[in-house]
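Reading the sequence shown from the start, the letters are residues 0 to 247 in numbering that gives the first Met the number 0. In this text, a Cβ means the ideal position worked out from N, Cα and C, and glycines have one as well. Predicted model, so just to flag it, every value in this text is computed and none were measured. See below for the structure under consideration.
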Amino acid sequence: MSQAISDRETALQHARELLQTCDKIVCFSGAGLSAESGISTFRDSDENALWSRYDPTQLASPEGFAADPKLVIDWYNWRRRIIADAAPNAAHQALAARSDIVQVTQNVDDLLERAGCKPEAVFHLHGHITHDRCHQRCGFQQKVDLANPPDLRSCPMCDAPLRPAVVWFGESLPQWAWQQSEQHCLAADCLLVIGTSASVYPAAGLIQLTKAQGGKVLVINTQASGASALADMELIGPCGEWLPALLS
Ligand code: APR
0 MSQAISDRET
10 ALQHARELLQ
20 TCDKIVCFSG
30 AGLSAESGIS
40 TFRDSDENAL
50 WSRYDPTQLA
60 SPEGFAADPK
70 LVIDWYNWRR
80 RIIADAAPNA
90 AHQALAARSD
100 IVQVTQNVDD
110 LLERAGCKPE
120 AVFHLHGHIT
130 HDRCHQRCGF
140 QQKVDLANPP
150 DLRSCPMCDA
160 PLRPAVVWFG
170 ESLPQWAWQQ
180 SEQHCLAADC
190 LLVIGTSASV
200 YPAAGLIQLT
210 KAQGGKVLVI
220 NTQASGASAL
230 ADMELIGPCG
240 EWLPALLS
């Protein structure tokens with residue numbers, strides 16, 4: 000067996016042994032979880048990374064939406080069509096097969112749910128691209144057809160513009176999702192940190208919450224990240240390869 004494979008097998012065995020000692024496991028995921036489904040990440044070094052091609056302040060902020068609402072809606076609808084064509088990858092499926100693992104995700108796609116996770120067991124810290132909501136928060140929200148998303152339109156209840164039900168820079172996180180995620184991370188004896196640069200707060204602060212109360216941090220990423228310094232163990236490589244072997 001080559002050195003690399005034996006190192007991989009050893010690392011996998013250690014990670015499996017770590018998980019076997021834990022019964023309160025939380026998975027904290029980012030865009031890397033959906034990368035192998037063909038959905039671009041935000042900060043990867045490849046040319047497809049969204050923030051290397053687009054200005055987040057122009058497309059993912061209330062100011063950007065006010066300046067050019069049609070541009071923002073068209074950009075989200077372009078992402079929606081990609082997500083509509085995407086399928087859950089092996090990492091989503093491995094996580095969905097473990098209903099004992101609490102899912103806390105920064106991702107706005109629905110691939111964990113499409114892989115079989117119960118919607119009520121997935122806490123979306125940055126919202127849902129699958130829905131539109133009233134920009135003035137009058138309460139109106141509506142699921143959209145990702146394959147044929149609606150153009151810029153007004154709220155039928157208050158006439159304010161409708162926008163994707165996602166969290167933009169400068170906006171607050173959904174209270175319920177945040178509170179539940181905090182509680183689970185404070186109680187976790189292991190936090191799986193999957194495919195995130197761990198560079199956006201307050202979400203990334205969840206890792207420190209688990210660490211500070213003595214929980215273990217197991218990171219899976221294709222490269223070093225903001226989570227590396229807090230990792231008790233780090234598996235470098237695609238999560239679509241590591242997770243099926245780790246969680247089966
Ligand atoms: N397997 C594991 N990790 C991967 C894979 C993969 N197949 N592909 C990419 N990665 C890693 C990258 O190395 C990177 O560390 O996933 C991470 C993706 O980081 P970001 O692009 O920064 O995405 P994320 O951490 O989810 O960003 C957080 O920032 O722009 C906001 O709202 C947006 O929710 C997002 C937040």
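Whose CA, out of 213, 225 and 44, lies closest to the CA of residue 192? 225
Ligand 1 and residue 78: does any heavy atom of the ligand fall closer than 7 Å to the residue's C-beta? no
In the DSSP assignment, what residue or residues form a beta bridge with residue 220? 235
Which two residues bound the contiguous beta strand (DSSP E) that contains residue 61? Careful: residue 61 lies outside any beta strand (DSSP E), inside the alpha helix (DSSP H) at 61-66.
Since residue 123 sits in a beta bridge, which residues does DSSP pair it with? 104
For residue 148, does the count of other Cβ atoms within 10 angstroms reach 16, so buried, or fall short, so exposed? buried
Keeping to the same chain, check which residues put their C-beta closer than 7 Å to that of residue 214; ignore five residues upstream and five downstream. 187, 188, 189 and 190
Spatial neighbours of residue 141 in its chain, beta-carbon cut-off 6 Å, leaving aside the 5 residues before and after: 131
Suppose you measure from the CA of residue 236 to the CA of residue 210; what does that come to, to the nearest Å? 23 Å
Within 10 Å of its beta-carbon, does residue 13 have 16 or more other beta-carbons around it, so buried, or fewer, so exposed? exposed
Does at least one heavy atom of ligand 2 sit under 7 Å from the Cβ of residue 199? Here the bound small molecules are ligand 1; ligand 2 is not part of this structure.
Could you compute how far the alpha carbon of residue 153 sits from the alpha carbon of residue 229? 45 Å
Take residue 90 and list the residues in its own chain whose beta-carbon comes closer than 6 Å to its own, dropping the five residues that flank it on each side. 32, 238, 239 and 242
Beta-bridge partners of residue 136, as assigned by DSSP: Its beta-bridge partners do not exist; DSSP assigns none.
Our contact map puts residue 36 next to residue 86 with C-beta atoms below 8 Å; I'd like the distance itself, whole angstroms only. 6 Å
Evaluate residue 157 with the Cβ neighbour count: other Cβ atoms within 10 Å of its Cβ, from every protein chain shown; 16 or more gives buried, anything less gives exposed. exposed
Can you tell me where the alpha helix (DSSP H) with residue 55 in it begins and where it stops? 55-58
At a cut of 8 Å, does the region 100-109 reach the region 57-73 through at least three beta carbon pairs? no
So, residue 81 versus residue 24, is the Cβ gap smaller than 8 Å? no
Check whether the Cβ atoms of residue 106 and residue 30 sit closer than 8 Å, and answer yes or no. yes
Please report how far the alpha carbon of residue 177 lies from the alpha carbon of residue 206, in whole angstroms. 13 Å
Residue 95: which of 78, 117, 108 and 5 sits nearest, CA to CA? 117
Let me know the secondary structure DSSP gives residue 117 once reduced to three states. coil
Could you check if residue 92 is buried or exposed, using at least 16 other CB atoms within 10 Å of its CB as the buried criterion? buried
Would you kindly work out how many angstroms separate the C-alpha atoms of residue 150 and residue 169, rounded to a whole number? 24 Å
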